[in-house]
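Report on the structure given below.
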Ligand code: PBG
């Protein structure tokens, strides 16, 4: 019954000791802020299920984006919310150079230049009247290959509007190679692709659908993945790497940390993870009730995602965290 020989607590005795041996870093540059810009608003509109997050007007977006970039975060991910009567079956408002997302990209590109990494959601769901991520055929099925053609138009329009990175999030087969070829053919060889490679059909997207005023009835289970399928997620990730993705993403993050780790172990390109709307809202709600200490839990959740192997983390708290860290 001697003394324990191994005392890991020695390295926890002082803040300086803990700092010396800290194994996971979280810096503002690792974080990307998703932002919403809506057409036809006079003032920013609160998103009820995401306290603290708003739909921006073009003007308020410009100010918020400049403030966000000044905190040193890694990038901005922009989502567009069209007017209800601009939605149609093929998501034309997404492709239209005068659609809200493309206009906002031009605003931010002009304001910020190369000071940040400007990313755009490359998907149809915000712009379609049926709310699906693709074009729907007569039987109501999302047509994979027709959708990819539309994604190419979207991606080229976004690149033309100043996006440094397009982000296909629709989970169509072959979407990355289609977009890569389309961008290259249009001369956008330097526009990068952040691929939503393993995206699960998740209940955690609920608040986001409020945020973008989604028209979806039903679900996305014919294109997004079954939450239980880890092997399939690795297949999806490998395909996107082979198709030319510059970054591969796992989404949601916190319930899929094993997938983040598996991606980090095999990927030759950076791995991103998206702490999605429902993850945000749960923590925000518990914080508002005083049931948890918000900053502690937010930092812990992001450290967990980084520890699992994510190089880049999309989080609605990106700016708050950058401020807490400085
Ligand atoms: C699709 C898209 C979604 C999210 C990002 N891109 C919604 C969906 O797939 O239903 C969800 C993001 C979040 O929940 O924070 N364009």
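Numbering (my numbering), first residue to last: 1 to 326. All C-beta atoms in this analysis are idealised placements derived from N, C-alpha and C, irrespective of residue type, glycine included. Every value quoted in this text rests on a predicted model; they were computed, and no experiment measured them.
Return the first residue and the last residue of the beta strand (DSSP E) that residue i is part of.
{"i": "residue 193", "result": "192 to 199"}
{"i": "residue 274", "result": "271 to 274"}
{"i": "residue 56", "result": "54 to 56"}
{"i": "residue 168", "result": "165 to 168"}
{"i": "residue 117", "result": "117 to 122"}
{"i": "residue 75", "result": "75 to 81"}
{"i": "residue 3", "result": "Run containing residue 3: none; DSSP gives neither H nor E here."}
CB of residue i to nearest heavy atom of the ligand PBG: below 8 Å?
{"i": "residue 256", "result": "no"}
{"i": "residue 301", "result": "no"}
{"i": "residue 28", "result": "no"}
{"i": "residue 87", "result": "no"}
{"i": "residue 209", "result": "yes"}
{"i": "residue 220", "result": "yes"}
{"i": "residue 227", "result": "no"}
{"i": "residue 91", "result": "no"}
{"i": "residue 216", "result": "yes"}
{"i": "residue 34", "result": "yes"}
{"i": "residue 49", "result": "no"}
{"i": "residue 224", "result": "yes"}
{"i": "residue 276", "result": "yes"}
{"i": "residue 79", "result": "yes"}
Using 9 Å as the threshold, is the C-beta distance between residue i and residue j below it?
{"i": "residue 145", "j": "residue 170", "result": "no"}
{"i": "residue 49", "j": "residue 206", "result": "yes"}
{"i": "residue 322", "j": "residue 243", "result": "no"}
{"i": "residue 252", "j": "residue 312", "result": "no"}
{"i": "residue 304", "j": "residue 257", "result": "yes"}
{"i": "residue 86", "j": "residue 121", "result": "no"}
{"i": "residue 325", "j": "residue 28", "result": "yes"}
{"i": "residue 186", "j": "residue 237", "result": "no"}
How big is the Cα-Cα spacing for residue i and residue j?
{"i": "residue 239", "j": "residue 16", "result": "44 Å"}
{"i": "residue 61", "j": "residue 297", "result": "27 Å"}
{"i": "residue 115", "j": "residue 276", "result": "25 Å"}
{"i": "residue 262", "j": "residue 42", "result": "45 Å"}
{"i": "residue 57", "j": "residue 9", "result": "51 Å"}
{"i": "residue 80", "j": "residue 268", "result": "31 Å"}
{"i": "residue 164", "j": "residue 14", "result": "43 Å"}
{"i": "residue 188", "j": "residue 106", "result": "16 Å"}
{"i": "residue 274", "j": "residue 67", "result": "21 Å"}
{"i": "residue 130", "j": "residue 212", "result": "13 Å"}
{"i": "residue 24", "j": "residue 308", "result": "10 Å"}
{"i": "residue 285", "j": "residue 53", "result": "13 Å"}
{"i": "residue 302", "j": "residue 138", "result": "43 Å"}
What residue does the alpha helix (DSSP H) around residue i start on, and which one ends it?
{"i": "residue 278", "result": "277 to 289"}
{"i": "residue 105", "result": "100 to 112"}
{"i": "residue 17", "result": "15 to 20"}
{"i": "residue 176", "result": "175 to 185"}
{"i": "residue 305", "result": "294 to 307"}
{"i": "residue 239", "result": "230 to 243"}
Would you please state the rounded distance, in angstroms, between the beta carbons of residue i and residue j? I believe it to be under 8 Å.
{"i": "residue 183", "j": "residue 119", "result": "Not a contact, Cβ separation roughly 14 Å."}
{"i": "residue 90", "j": "residue 142", "result": "With a Cβ gap of about 12 Å, residue 90 and residue 142 do not count as contacting."}
{"i": "residue 95", "j": "residue 154", "result": "6 Å"}
{"i": "residue 35", "j": "residue 70", "result": "Their Cβ separation, rounded to whole angstroms, is 15 Å, which puts residue 35 and residue 70 out of contact at 8 Å."}
{"i": "residue 226", "j": "residue 201", "result": "7 Å"}
{"i": "residue 158", "j": "residue 199", "result": "Actually they do not touch by this definition, with Cβ atoms about 19 Å apart."}
{"i": "residue 288", "j": "residue 254", "result": "Residue 288 to residue 254, Cβ: 19 Å. No contact."}
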